[in-house]
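Asks: Here you go, one structure.
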Amino acid sequence: MRLRAYASSLNRLTAERTLADVSMMIAHIISNNNYRLIIPGDVQKVAAEQTAFSSLPALYALDAWSRCPAPARYCLVEAAILPQDSPTYRLLEDYSAQSLKHYNRTLIHRGVCVAKCAPPAAASEHDALQYCVNRTLWEEHGLQAQVLSVGWCSSSSSKALTTEERVFGIICLILLAAALLATIYHIILVTCAKAEGNKYVLAFSLKKNWSILTYNRAKPRQDERMADFSCIEGLRVLAIQCVIFSHVLFVYIYSYVDNPQYIEKMYDSPVWQTNLNAPLWVQVFFSMSACLTAYTFLVYTEKRKSNWTMFFSSIFNRWIRLTPAAVFALLFTSTWFPRLGSGPQWGLLVEREAQDCRQRWWYHALYIHNHLPLGKFCMGHTWYLAADMQLHVIGILLLLTFYRYPPRSAARAGGLVGVFGRRACACRLLR
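Just so it is clear: in the sequence shown, position 154 is 154 by the UniProt record's numbering, and no numbers are missing.
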């Protein structure tokens, strides 16, 4: 009955009603009732031609970066639409109330070229951006907004090299020279002269590292029992594909998108629900790491006596194996990575990450960067290294304790499960 009343009232609309008001009322009906509305006459044509959001201000909008030459400033702006008694604002407010799946449409994001909108000459940068945002918003939608934050103002002009960038460049040249010399050393001395060579020099050999990377895991070089774990390579390939897919998708979720409705509808699609939960594949890596840690520990204790020296040496060996490559990636991210591109969102997505990495590099050195403060982004994709290192420390500690005190192992394990279980439940209740 309510739908019929709506349809009847819409049919009685006068000619002065604008097309925008009609489409917004239809969108309001559909969003509140989840029904398909079929109305005869001209209104049906409006419903067919107008989408629910055709008359709403865009959630994200960017001025053309290429048309904002230096020294003009290009800024990313976040603004809140001011409340008013209008169909447009009511629709924005009702739609944003479903915050679990919907973006907050009353909070708009803009990339603004300050010189493009020709603000008053005496205006400050904040006032100029306020003028630019409101001019377009008022002309197109009859709304006004208040600028809440201005971030990552930049221009297309080039920047001079910093000391950190020069140091990283020198490190790269040294490593490249070491790799070339070690490879030549390997080919001449080891391959031709059949000599063993220095193992520290051969560690930089491209030929040596390529053979390690591509050797057949089904034929272990040391322990023949490791052949039983060759299936892990297949699981690793499948899991890494899902992880990469998720990371690529996150870029579109965290950046400005032209069609946010598409992302909102992902949560209702079974296919996308599976894809959005692809990070759960990381549990495969945790399981493999735990299995190999336990197996290596058991193999070690076959011929040696376990002690606390073994505990610290295991942690140090893992740290020294992972840290050089991780620190190299960290240096690259915090120095040269921002120079690889430019654009309206480059500062938001890349330069901000480089800045956070320069401020909190020691989180990565200690493998605690999965506990970075909220709002800080520094190589977020490497959180697994920190989590796996922490789980490795806990795993070795538990294995060593259970091995040295076997009668009490079951009781200790049950106690730990109970403690962590209660803590997890408490955290869930607090959230």
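For every residue, glycine included, the Cβ atom is placed at its ideal position computed from N, Cα and C.
1. Evaluate D258 with the Cβ neighbour count: other Cβ atoms within 10 Å of its Cβ, from every protein chain shown; 16 or more gives buried, anything less gives exposed.
2. Give the single residue among Y256, M266, W362 and R304 whose Cα lies nearest to the Cα of L348.
3. According to DSSP, simplified to helix, strand and coil, what is residue 434?
4. Using the Cβ count rule (16 or more neighbours within 10 Å means buried), how would you classify C302?
5. Tell me whether the beta-carbon of Y60 lies closer than 8 Å to the beta-carbon of H109.
6. Inspect the CB distances between the segment 157 to 173 and the segment 72 to 87 and report whether three or more fall short of 8 Å.
7. Nearest to V299 by CA position, among L399, G111 and L56, is which residue?
8. Return the CA-CA distance between R90 and L129, expressed in angstroms with no decimal places.
9. Out of E196, A386 and T183, point me to the one whose CA is closest to N209's CA.
10. May I have the straight-line CA-CA distance separating I315 from D228, to the nearest angstrom?
11. From R404, W65, K207 and G197, pick the residue whose C-alpha is nearest to that of W308; which is it?
12. With contact counted as at least three CB pairs below 8 Å, one residue from each stretch, are the segment 360 to 367 and the segment 274 to 285 in contact?
13. In the DSSP assignment, what are the bridge partners of H126?
14. Quick check on V147: does DSSP put it in helix, strand or coil?
15. Is it buried or exposed for L56, if we count other Cβ within 10 angstroms and need 16 for buried?
16. Beta strand (DSSP E) containing H364: first to last residue?
17. Less than 8 Å separating the beta-carbons of D356 and F286?
18. Buried or exposed for C192, going by 16 or more other Cβ atoms inside 10 Å?
19. In whole angstroms, what separates the C-alpha of S306 from that of P324?
20. State the DSSP-derived secondary structure class of R358, mapped to helix, strand or coil.
21. Is the closest heavy atom of the ligand FAD to the C-beta of L374 under 7 Å?
22. Checking 8 Å against the spacing of the C-beta atoms, do residue 442 and C68 come in under that value?
23. Would you mind sorting residue 446 into buried or exposed? The rule is 16 or more other CB atoms within 10 Å of its CB.
24. For L322 versus F168, is the C-beta spacing smaller than 8 Å?
25. For the segment 186 to 241, list the alpha helix (DSSP H) runs that are entirely contained and at least 4 residues long, ordered along the chain.
26. Considering just the uninterrupted stretch of the alpha helix (DSSP H) at A325, what are its terminal residues?
27. Could you compute how far the alpha carbon of L92 sits from the alpha carbon of I253?
28. Using only CA atoms, which one of W272, S313, T274 and V243 lies nearest to Y384?
29. Please report how far the alpha carbon of Q390 lies from the alpha carbon of A177, in whole angstroms.
30. In the DSSP assignment, find the alpha helix (DSSP H) that holds H109 and state where it starts and stops.
31. Tell me whether L213 is buried or exposed, calling it buried when 16 or more other Cβ atoms sit within 10 Å of its Cβ.
32. For V112, tell me which candidate among A195, C153 and M379 has the shortest Cα-Cα distance.
33. Which of the three DSSP states is assigned to residue 503 in this structure?
34. Once DSSP output is grouped into helix, strand and coil, what is the label at S154?
Replies: In terms of the structure at hand:
1. Flag for D258 reads exposed.
2. Y256
3. Since the first and last residues shown for the chain are 1 and 431, residue 434 lies out of range.
4. The sequence given here places Glu at residue 302; Cys does not occur at that position. When all chains shown are included, E302 counts as exposed.
5. The beta carbons of Y60 and H109 sit closer together than 8 Å.
6. no
7. L399
8. 25 Å
9. T183
10. The C-alpha of I315 lies about 25 Å from the C-alpha of D228.
11. Each of R404, W65, K207 and G197 was checked against the Cα of W308, and the nearest Cα belongs to R404.
12. Taking 8 Å as the limit for Cβ pairs, the verdict is that the segment 274 to 285 does not touch the segment 360 to 367.
13. Per DSSP, none; premise fails for H126.
14. strand
15. buried
16. Note, H364: premise wrong, no beta strand (DSSP E); alpha helix (DSSP H) at W361 to A365.
17. no
18. exposed
19. 28 Å
20. Three-state result, R358: helix.
21. The model depicted lacks the ligand FAD and carries no ligand whatsoever.
22. Nothing about residue 442 can be reported from this structure: the residues present for the chain run from 1 to 431 only.
23. Residue 446 cannot be examined here, being either before or after the span of the chain that is shown, 1 to 431.
24. no
25. 199 to 202 and 206 to 214
26. W308 to S334
27. 20 Å
28. V243
29. 35 Å
30. It is not in any alpha helix (DSSP H) - H109 instead sits in the beta strand (DSSP E) that spans L107 to C113.
31. exposed
32. C153
33. With the chain running from 1 to 431 in the structure shown, residue 503 is simply not present.
34. strand
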